[in-house]
Amino acid sequence: MKYYQPRSVSDALEIAQTSEGTFLAGGTDLVLHMQTGKAQPLGLIDLGKISELSEIKETDGYLDIGSMATFADMGRSELVLRNASALWLACQTMGSPQIRNQATLGGNLGNCSPAADGLPPLLALGAEVHLISKKGDEVVSLETLLSRSPLLAQETLIRGFRIPLKGLKSGFAKLGRRQALAIARLSVAVAVEMDGSKAGNVRVALGAVGRRAFLSESFSQKLSDGELNGVWIERGVEEVQRVVREALGARASAQYKRVAVSGVFREAVSTLISEGGKKA
Ligand SMILES: Cc1cc2nc3c(=O)[nH]c(=O)nc-3n(C[C@H](O)[C@H](O)[C@H](O)COP(=O)(O)OP(=O)(O)OC[C@H]3O[C@@H](n4cnc5c(N)ncnc54)[C@H](O)[C@@H]3O)c2cc1C
Numbered sequence: 059m060k061y062y063q064p065r066s067v068s069d070a071l072e073i074a075q076t077s078e079g080t081f082l083a084g085g086t087d088l089v090l091h092m093q094t095g096k097a098q099p100l101g102l103i104d105l106g107k108i109s110e111l112s113e114i115k116e117t118d119g120y121l122d123i124g125s126m127a128t129f130a131d132m133g134r135s136e137l138v139l140r141n142a143s144a145l146w147l148a149c150q151t152m153g154s155p156q157i158r159n160q161a162t163l164g165g166n167l168g169n170c171s172p173a174a175d176g177l178p179p180l181l182a183l184g185a186e187v188h189l190i191s192k193k194g195d196e197v198v199s200l201e202t203l204l205s206r207s208p209l210l211a212q213e214t215l216i217r218g219f220r221i222p223l224k225g226l227k228s229g230f231a232k233l234g235r236r237q238a239l240a241i242a243r244l245s246v247a248v249a250v251e252m253d254g255s256k257a258g259n260v261r262v263a264l265g266a267v268g269r270r271a272f273l274s275e276s277f278s279q280k281l282s283d284g285e286l287n288g289v290w291i292e293r294g295v296e297e298v299q300r301v302v303r304e305a306l307g308a309r310a311s312a313q314y315k316r317v318a319v320s321g322v323f324r325e326a327v328s329t330l331i332s333e334g335g336k337k338a
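Quick note: the sequence shown uses my numbering, first residue 59, plus one each step.
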């Protein structure tokens, strides 16, 4: 198998077209899949030497996060904490310290497991994804991208993520199998636009409830413009239980997740109120 280490995005794209190789980021999913035979790449295109892909910066009203930013990078970033606290919180509990040092946000989307921790926060925050392929650049909302099948063509590179800087407050919580190496059994991200004590434009995204993370449309209609208080939270709990019931139907995990999601939703809202886990 061939191994490539391009120094620029254009070189990576050219190699992808000519070699039919597979992009390698942190390798925490791909290498395991190669070991089990689930992935059998013809070649590996290691993105690790393309430094621009690891940048986290503010540009033109967006928080830009390169696809090679690791969960550890994001979890240390003041910019992420200030503008995307749901994502920052997800970075604190993802995997173990060793996994967070390797695992990237691009790889989280590329692998797109139902339990991918990065995706519910990005959905709640209205993130867009910047893709590049031989056809050119495409910026698409993550929500739209997640409805595509397959998610990406083989030679399409995830360049990065753009989160609009709208001053949203956001929170995240998950239920893991155990504290260390906690792969989510259920995760909830919430984002709201606060107007005094009222919560507007309410966005709730769920992970590990179905094939891929998703944004539920119903919260915006049912919970927007209410006072963010105990009554609001209980209405949210009812709604999130309804959404889980509808999404999981008769699956074996449905009953357990319908009950568990109420606690996870409450916790996500409490992190939102305390601004990224830090008491206001
Ligand atoms: C012990 C352990 C614990 C874990 N715990 C968690 C957890 O708590 N939460 C969680 O969400 N995940 C967890 N994971 C899964 C994994 O770490 C994440 O999904 C991680 O984000 C994958 O990123 P990576 O950089 O390692 O991707 P890689 O393994 O390098 O790539 C994954 C896939 O994405 C594609 N890809 C990568 N980058 C790009 C790009 N820029 N453009 C196009 N395609 C690309 C690759 O071709 C591959 O198909 C865990 C894994 C392990 C081994």
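Where a beta carbon is used, it is the ideal one built from N, C-alpha and C, also for glycine. Treat the numbers as computed from the prediction; the structure is a model and nothing was measured.
Report task. Report yes if the CB atom of serine 282 is closer than 7 Å to the CB atom of alanine 249, and no otherwise. Result -> In this structure, alanine 249 does not lie closer than 7 Å to serine 282 by Cβ.
Query raised in the report: Just curious, the alpha helix (DSSP H) that serine 282 is in, first and last residue?
Result: Segment: none, serine 282 is in no alpha helix (DSSP H) and carries neither H nor E.
Requested in this report: Could you please give the first and the last residue of the uninterrupted alpha helix (DSSP H) stretch that includes glutamate 296?
Outcome: 288-306
**Report entry** Closest Cα partner of aspartate 87 within the set Phe230, Ser171 and Ala247
**Finding:** Ser171
Report task. Using beta-carbon positions only, say whether proline 99 and alanine 148 come within less than 7 Å of one another. Result -> no
Query raised in the report: Taking the continuous alpha helix (DSSP H) assigned at proline 179, which residues delimit it?
Result: 177-182
Query - Per-residue DSSP class, three states only, for proline 222 - result: strand
**Report entry** Local conformation of arginine 65 per DSSP, three classes
**Finding:** coil
Requested in this report: On a CA-only basis, which of Ile291, Met126, Lys256 and Arg243 is nearest alanine 318? Give me that one, please.
Outcome: Measuring from the Cα of alanine 318, the nearest candidate turns out to be Arg243.
Report task. Evaluate methionine 59 with the Cβ neighbour count: other Cβ atoms within 10 Å of its Cβ, from every protein chain shown; 16 or more gives buried, anything less gives exposed. Result -> The residue is exposed, with fewer than 16 neighbouring Cβ atoms inside 10 Å.
Query raised in the report: So what does DSSP say about alanine 257, is it helix, strand or coil?
Result: strand
Requested in this report: Can you give me the start and stop residues for the alpha helix (DSSP H) that serine 143 sits inside?
Outcome: 143-151
Query - Alpha-carbon to alpha-carbon, arginine 261 and phenylalanine 277 - result: 6 Å
Query - Proximity test, leucine 181 beta-carbon vs ligand 1 heavy atom, cut-off 6 Å - result: no
Query raised in the report: Any chance the CB of alanine 55 is under 6 Å from a heavy atom of ligand 1?
Result: Past the edges of the chain, shown from 59 to 338, lies residue 55, and the structure says nothing about it.
**Report entry** Short Cβ contact (7 Å threshold) for isoleucine 108 with leucine 137
**Finding:** No, Cβ-Cβ distance for isoleucine 108 and leucine 137 is not below 7 Å.
**Report entry** glycine 176 vs leucine 163 beta-carbon contact at 7 Å
**Finding:** yes
Query - At least three beta-carbon pairs within less than 8 Å, the region 110-124 to the region 193-205 - result: no
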